[in-house]
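Trainee:
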Amino acid sequence: MKKYHFNNLFYTIISILGLVSFYLIFSYDKFLEIKFVIAILVLFLVLILFKYFNPKSIIIKFLKILLICSGLFYSVMIIANRFLYFMNIQNSRNDINSHVSVNFEKNNFQVSLAKAKKVNKLIFLDIYTGWCGPCLQFSKTVLKDVEVSEMLNSKFINLKYDAEVGEGIEVAKKYLTGYYPTILILDSNGNIIEDVCKNGTPDTKTMRDLLKKYK
612 MKKYHFNNLF YTIISILGLV SFYLIFSYDK FLEIKFVIAI LVLFLVLILF
662 KYFNPKSIII KFLKILLICS GLFYSVMIIA NRFLYFMNIQ NSRNDINSHV
712 SVNFEKNNFQ VSLAKAKKVN KLIFLDIYTG WCGPCLQFSK TVLKDVEVSE
762 MLNSKFINLK YDAEVGEGIE VAKKYLTGYY PTILILDSNG NIIEDVCKNG
812 TPDTKTMRDL LKKYK
């Protein structure tokens, strides 16, 4: 009995996914040619069924098989899509960290605060995510600029955190301003002095001008 109910539940779920896949295909304009081919094939099959077979039982079986196959296909596509999505995020994380010329601290946040106090420097804090396009663009252009990186390396203790990984989760809870990247200038006590991205992610010239204010 349990196996029977499980099979019914399985087929129901797969059938629902099949219906969803049909809806997505027929609601997406780029599948116009596929819709046309499917319409002709369905019409052709219906004519054959009514002429040579018992249409009712065959149509039911055909629809059942079609729904199950579509549901299984849609399930595989969902899994593949999620896998590729997370792979792209991981590649973006690696890409973000590989382009910068700024020396970011390897120590944790509290140790970095203590270091900032000891050497009497401000803190440059960059909070990003792997899926954030502006974060990647900022790292590939602004943080790779020679003048920007020289000013950051000489004037600041530089910190960079992924808001979804490790210590970055807690840092983001405290400092995230509602958008990515969140780029802040902090004093050595961790207080916010300036929100660098309050008017949008800065380009190279804007970043140079901003950093020149700090001695």
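The sequence shown runs 612 to 826 under this note's numbering.
We treat Cβ as the ideally placed atom computed from N, Cα and C, and that holds for glycine.
As the structure is a computational prediction, the values presented were derived from the model and not from experiment.
(1) With DSSP collapsed to three states, give me the class of leucine 569.
(2) Return the residue from the list Tyr791, Asn810, Asn802 that minimises the CA-CA distance to cysteine 743.
(3) On a Cα-Cα basis, can you pick out the residue from Phe720, Ile734, Val759, Glu778 that is closest to isoleucine 804?
(4) Between the region 747-763 and the region 812-819, do at least 3 Cβ pairs fall closer than 8 Å?
(5) In angstroms with no decimal places, state the Cα-to-Cα distance between valine 713 and phenylalanine 767.
(6) What is the DSSP secondary structure of glutamate 781, reduced to helix, strand or coil?
(7) Do you know offhand how far lysine 613's Cα is from glycine 741's?
(8) My output table needs one value for lysine 766: the three-state DSSP class, helix, strand or coil.
(9) So leucine 797 packs on leucine 736, CB below 8 Å; how close in whole Å?
(10) Tell me, please, which residues DSSP counts as bridged to aspartate 737.
(11) Count the other CB atoms within 10 Å of the CB of lysine 575; is the residue buried (16 or more) or exposed (fewer)?
(12) First and last residue of the beta strand (DSSP E) that includes aspartate 806?
(13) Do phenylalanine 715 and asparagine 800 have their C-beta atoms closer together than 7 Å?
(14) Taking 7 Å as the threshold (C-beta atoms), are glutamate 778 and asparagine 719 in contact?
(15) Please report how far the alpha carbon of alanine 774 lies from the alpha carbon of glycine 789, in whole angstroms.
(16) With a threshold of 16 other CB atoms inside 10 Å of the CB of isoleucine 780, please say whether the residue is buried or exposed.
(17) Apart from the five residues on each side of it in sequence, which residues of its chain come closer than 7 Å, Cβ to Cβ, to cysteine 746?
(18) When DSSP builds the beta bridges, which residues end up paired with lysine 809?
(19) Please list, in chain order, all residues of the same chain as lysine 728 whose beta carbon is under 6 Å from its beta carbon, the five residues on each side excluded.
(20) Quick check on serine 765: buried or exposed, where buried means 16 or more other Cβ atoms within 10 Å of its Cβ?
(21) Quick one: what's phenylalanine 715 bridged to in DSSP?
Mentor: Reading off the structure:
(1) Shown here, the chain extends from 612 to 826; a query on residue 569 therefore has no answer.
(2) Within the sequence shown, the letter at position 132 stands for residue 743. It is Tyr791.
(3) By one-based count along the sequence shown, residue 804 stands at place 193. It is Ile734 whose Cα lies nearest to the Cα of isoleucine 804.
(4) Yes, they touch.
(5) Walking along the sequence shown from the start, residue 713 turns up at place 102. Walking along the sequence shown from the start, residue 767 turns up at place 156. Distance between the alpha carbons of valine 713 and phenylalanine 767: 10 Å.
(6) As a first step, residue 781 must be located in the sequence shown, where it is residue number 170. Glutamate 781: helix per DSSP, three-state reduction.
(7) Working through the sequence shown from its first residue, we reach residue 613 at position 2. Working through the sequence shown from its first residue, we reach residue 741 at position 130. Interpretation of lysine 613 is limited by its pLDDT of 48, a score under 50 that renders its predicted location unreliable; the figure taken from the coordinates is listed afterwards. Cα-Cα distance, rounded: 44 Å.
(8) Residue 766 sits at position 155 when you count from the first residue of the sequence shown. In this structure, lysine 766 counts as helix in the three-state DSSP scheme.
(9) Locating residue 797 in the sequence shown gives position 186, where the first residue counts as 1. Locating residue 736 in the sequence shown gives position 125, where the first residue counts as 1. Their Cβ separation, rounded to whole angstroms, is 6 Å, which keeps leucine 797 and leucine 736 in contact under 8 Å.
(10) On the sequence shown, position 126 is the one that residue 737 refers to. The secondary-structure analysis by DSSP pairs aspartate 737 across a beta bridge with Lys771, Ile794.
(11) Here the chain covers residues 612 to 826 and nothing more, so residue 575 does not appear.
(12) Taking the sequence shown and counting its residues from 1, one reaches residue 806 at position 195. Run containing aspartate 806: 803-806, per the beta strand (DSSP E) assignment.
(13) Along the sequence shown, one-based indexing puts residue 715 at 104. Along the sequence shown, one-based indexing puts residue 800 at 189. No, the pair does not count as a contact, with Cβ atoms beyond the cut-off.
(14) The count along the sequence shown starts at 1 and reaches residue 719 at position 108. The count along the sequence shown starts at 1 and reaches residue 778 at position 167. For asparagine 719 and glutamate 778, yes; Cβs fall inside 7 Å.
(15) Residue 774 sits at position 163 when you count from the first residue of the sequence shown. Residue 789 sits at position 178 when you count from the first residue of the sequence shown. Using only the alpha carbons, I get a separation of about 12 Å.
(16) As a working mapping, residue 780 is identified with position 169 in the sequence shown. Exposed, since its Cβ has fewer than 16 Cβ neighbours within 10 Å.
(17) Counting from one through the sequence shown, the residue named residue 746 turns up at place 135. Result list for cysteine 746: Ile707, Tyr739, Thr740, Tyr791, Pro792, in chain order.
(18) The residue given as residue 809 occupies position 198 in the sequence shown. In the DSSP output, where bridge partners are listed per residue, lysine 809 has Gly811.
(19) Numbered from its first residue, the sequence shown carries residue 728 at position 117. Cβ neighbours of lysine 728 beyond the five flanking positions: Ser799.
(20) As a working note, residue 765 is residue 154 in the sequence shown. Classification for serine 765: exposed.
(21) Locating residue 715 in the sequence shown gives position 104, where the first residue counts as 1. Phenylalanine 715 pairs with Asn769.
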